[in-house]
Each structure stands twice: as C-alpha cells, then as structure tokens.
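To start, the structure itself, in structure tokens.
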Amino acid sequence: MAKLLYSVTMSADGFIAGPNGDMQWMQSYLAPNAEIDELIPQIGSILVGRRSHDGDDPHKGEPGEGEAFGGGWDGPLFVVTHRLPETTEPGVTYVDQLPKAIAAAKDAAGDKYVNIIGADIARQCFAADEVDEVLLLVLPVFLGDGTRVFAEPGGRNIRLQPHPGSTSRFDVLR
C-alpha cells in the first residue's frame, strides 16, 4: 500500500518559498542529488494543493518552473481544491475533499509513494494523521520570509525519527 511522503527543499531558516511564492531563490543551489534521483522512480502519484499546482511564483512559465522535480517526474496528480475548474488537464484530477484525494492518490500510487507538494496540504495531511515520511533537503541560505515548511497556528509537535540510512529522511512517529 502507498505511503504519504512530504518531500521538500527548504532554506536553512525553514522556508520552502520566498515572499510572494518566489521559488527562484533555489535555482543557484540546484545540483544532481542522488537521494532525489533514487526517490523519483518510487513516486507513484502526487498530492498537491491548488495554489501550489496553479503556481503563485512570479517566475511561473520559465523553463522547469512549476513542474514536479523540475520536470523529472511524470504521473498522476491529484489537486485538492474548493474551486473545481471548468476545464481539466491530462493526468490531473481535481478533488474537493482531502480524504477522497488521499484515497485516490494512494490507489493510483499502488505500492509507491504519494508525494505531497505544498505546505498547506502537508499541514492538512499531518492533521489527518496520514503522513508516513518526511524528506527535508536544506539549502545553505536564509530567506527571512516566505512560506514555512510547516506552520500550525498555536503550534503542534510532530515527532520524527531518522529513516535508516538517511540524514534527511524521517519517519513520522505516531
């Protein structure tokens, strides 16, 4: 059965996007990464929020921008939204309820991972106790503002345990 994985690249101060959704901050840090190269074929589907899917990055439309893993992954995407679109995209399923979206993404993933993209969808999946693993890739830069990797009003502890053989992958303790 599929597991839910929140994989994210973040700044050293915990931001996954800069102010106004800017993702260009990470361009100069991108380089081949063996852990990501190993992960990509293990992803069976992607669960993403509408804002992350539609893109709020001011650099949207530039080469590789807005594509999962810089265009290195291809497969079914499940977009969680309260605003179902009038037209659809090939390979993209819009779902208006998180539990339905998780079930559909797991079904599509088979025995591979459902990769979560987007801080708010990740927060909702944590609240639903659905996240199994977290992959945190930290880049050596402070952004000072933007979208946090995890934010919970009032705070919440989510205990993580290092995944065997990895310094950036963690299992979620329940």
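The letter at position 47 of the sequence shown is residue 46 when you use numbering that gives the first Met the number 0, and the numbering goes up by one with no holes.
The beta carbon of each residue, even a glycine, is placed where N, CA and C say it ideally should be.
Of D73, M22 and P31, the smallest CA-CA separation from P89 is found for D73.
For the pair T8 and L134, the CB atoms are not nearer than the 7 Å cut-off. No Cβ-Cβ contact shorter than 7 Å links V113 with S6. Under the DSSP assignment, L97 falls in the alpha helix (DSSP H) whose first and last residues are L97 to A108. Around A127, the same chain offers L97, P98 and I101 as residues with beta carbons nearer than 8 Å, after the five sequence neighbours per side are excluded. For the pair F141 and A16, the CB atoms are not nearer than the 7 Å cut-off. Partner residues in a beta bridge of G145, as assigned by DSSP, do not exist. For D95, the closest of D36, F77, L159 and T86 by C-alpha to C-alpha distance is F77. DSSP places I35 in no beta strand (DSSP E) but in the uninterrupted alpha helix (DSSP H) bounded by A33 to L38. Per DSSP, F169 lies in no alpha helix (DSSP H); the unbroken beta strand (DSSP E) holding it starts and ends at R168 to V171. With contacts defined as CB atoms closer than 7 Å, I120 and V91 fail to qualify as a contacting pair.
Between A150 and A118 the beta-carbon gap is near 7 Å, inside 8 Å, which marks them as a contact.
Taking R50 as reference, the option from A30, Y93 and E34 with the minimal CA-CA separation is Y93.
Closest in alpha carbon position to G71, among T87, H52, P31 and P84, is P31.
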